[in-house]
Amino acid sequence: MRLLTKCPGCSIPIELSIADADRRKRCPRCGRLYYVPDTDALRDAISLLGTAQTDIYVDEKGNVYG
25 MRLLTKCPGC SIPIELSIAD ADRRKRCPRC GRLYYVPDTD ALRDAISLLG TAQTDIYVDE
85 KGNVYG
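Just so you know, the working numbering puts 49 at position 25 of the sequence shown, and the rest follows in order with no gaps.
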């Protein structure tokens, strides 16, 4: 499974890593800058990856979906 976010501008899924935490990232399609949540929010999402049967999505506020 993958840890993903969706661009708030064009909604394409973008894969995240822990190195992206607490930074702004630029969408490769539309160029919009968006915020990636801090490591605490990403750790919560990463802990779910082990048991998840689908990809896990994290939004700019740190909410986890999957």
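Backbone N, C-alpha and C define an ideal beta-carbon position, used for all residues, glycine too.
Could you give the first and the last residue of the continuous beta strand (DSSP E) run that contains residue i?
i   : result
R48 : 47–50
L72 : First-last for L72: 63–73, but that is the alpha helix (DSSP H), not the beta strand (DSSP E).
L28 : 27–30
L6  : Absent from the model: residue 6. The displayed extent of the chain is 25 to 90, so no value can be given.
Going by other Cβ atoms of all chains shown within 10 Å of its Cβ, with 16 needed for buried, is residue i buried or exposed?
i   : result
I36 : exposed
D75 : First, the residue type needs correcting, since residue 75 is Thr and not Asp in the sequence shown. Exposed, because fewer than 16 other Cβ atoms sit within 10 Å of the Cβ of T75.
A69 : buried
C31 : buried
Taking 9 Å as the cut-off, decide whether the C-beta atoms of residue i and residue j are in contact.
i   : j   : result
R50 : R56 : yes
G90 : Y58 : no
A45 : T63 : yes
Spatial neighbours of residue i within its chain, please: CB distance less than 6 Å, with the 5 preceding and 5 following residues excluded, ordered by chain position.
i   : result
Y86 : Correcting the residue type first, residue 86 is Gly in the shown sequence and not Tyr. Closer than 6 Å at the Cβ level, and outside the excluded window around G86, lie P61, A65.
R8  : In the structure as shown, the chain starts at 25 and stops at 90, and residue 8 therefore has no counterpart that could be examined.
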